[in-house]
């Protein structure tokens with residue numbers, strides 16, 4: 001039993017997290033999503049261990065909903081559910097690691113390629129997998145430099161390529177055209193190519209962006225991942241990874257394992273959250289939510305530029321790129337800063353928050 005001191009600590013932490021939730025703009029985490037009706041599941045033990053599509057006698061799980069989540073995103077990413085396999089992950093890092101793992105298992109002597117602006121999880125994954133890799137230069141927008149990709153690939157033209165294509169880079173939401181990536185690699189003399197799409201933030205809305213950058217299965221990717229908390233506001237970090245079923249089955253045949261997942265034991269709660277989100281929103285709701293966020297991101301850029309801040313964003317993106325903000329402003333709004341700073345207009349971001357940031361940056365000038 002908790003004593004009063006420990007109860008106060010929990011209460012204080014809740015209030016602190018609640019307050020911090022109202023004043024962050026620099027991280028891609030949707031705010032204000034309502035999942036209260038699912039809290040009852042927290043009173044039930046559950047474990048979605050193993051392949052969500054495989055036979056199992058254990059029934060304390062949510063695999064029936066997890067399979068529907070995978071089928072939903074397979075269709076969203078223009079693949080036949082019968083030809084796609086996937087599972088709900090712990091987050092984007094697991095999704096990227098899985099994509100690279102699958103590529104390496106298919107092509108053990110492959111070389112990894114990813115751009116300088118790629119998420120740090122990819123660097124971790126290639127080290128874990130001991131995958132020889134090349135870091136490719138980027139354009140100012142954050143998109144991969146295709147000329148440099150061709151130069152780098154020509155050095156290893158006799159070895160397969162395992163590529164991480166960004167469907168929204170961390171700081172600028174730059175997007176790599178997977179059709180062009182494959183074309184460039186073919187032009188450099190490579191025939192064995194595996195492309196994984198990191199669509200952590202943009203995955204749910206990338207199909208609706210205009211202009212639309214090729215990123216999905218019909219465009220030529222072999223696997224793709226997205227986060228569940230960045231756009232859908234899942235209260236627990238999670239994600240989804242999908243891959244061509246033929247690749248997964250080929251790896252299983254050589255690995256002598258019935259479980260294609262990386263993590264084995266997995267949350268039974270997060271698939272319920274994602275299922276609830278996609279059923280509540282539907283395709284039109286996702287599109288409408290994206291359009292609202294995109295409009296607010298455009299408003300933010302216009303207001304900041306009018307007040308003298310050199311803000312910009314890639315076409316149809318939710319990420320507003322800023323010159324590096326000072327430490328005080330960054331701390332107040334929890335803004336990420338590298339060579340640039342960023343604000344991410346995820347669902348739940350309000351005009352009031354944007355106006356307050358614009359005012360603060362104007363005063364700071």
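In full-length UniProt numbering, the protein residues as written are 1 to 365. Yeah, the Cβ is synthetic: ideal placement off N, Cα and C, and Gly gets one too.
- Uninterrupted alpha helix (DSSP H) stretches at least 4 residues long and entirely within the segment 97-136 occur at 120-128, given in chain order.
- DSSP places residue 239 inside the beta strand (DSSP E), whose first and last residues are 239-244.
- In terms of Cβ geometry, residue 222 and residue 51 do not form a close pair [threshold 8 angstroms].
- In chain order, 174, 175 and 176 place their CB closer than 7 angstroms to the CB of residue 143, counting only its own chain and leaving out the 5 sequence neighbours on each side.
- By the neighbour-count criterion, in which a residue is buried when 16 or more other Cβ atoms sit within 10 angstroms of its Cβ, residue 355 is exposed.
- Per the coordinates, the alpha-carbon of residue 322 lies some 50 angstroms from the alpha-carbon of residue 256.
- Looking at 236, 106 and 179, the one whose alpha-carbon comes closest to that of residue 38 is 236.
- Between residue 69 and residue 271, the CB-CB gap stays under 8 angstroms.
- DSSP places residue 58 in the coil class of the three-state scheme, outside both helix and strand.
- A contact between stretches requires three or more CB pairs, one per stretch, nearer than 8 angstroms, and the segment 129-149 meets this requirement with the segment 97-114.
- In the DSSP assignment, the residues bridged to residue 198 are 166 and 225.
- Residues 157 of the same chain have their beta carbon placed closer than 6 angstroms to that of residue 189, with the five preceding and five following residues left out of the count.
- Ranked by Cα distance from residue 167, the options 161, 178 and 159 are led by 178.
- Assigned with DSSP and collapsed to three states, residue 322 falls in strand.
- The closest CA to that of residue 97, considering only 162, 73, 44 and 145, is found on 162.
- Here residue 242 really is in contact with residue 77; their C-beta atoms are around 7 angstroms apart, less than 8 angstroms.
- For residue 269, the secondary structure class from DSSP, reduced to helix, strand or coil, is helix.
- In the three-state reduction of the DSSP assignment, residue 84 falls in the strand class.
- Along the length of the segment 281-355, whole beta strand (DSSP E) runs at least 3 residues long occupy 319-322 and 341-344, reported in chain order.
- Excluding sequence positions up to five before and after residue 261, its CB lies within less than 6 angstroms of the CB of 87, all in the same chain and listed in chain order.
- In the structure shown, the three-state DSSP call for residue 213 is coil.
- With contacts defined by Cβ atoms closer than 8 angstroms, residue 238 and residue 45 do not form a contacting pair.
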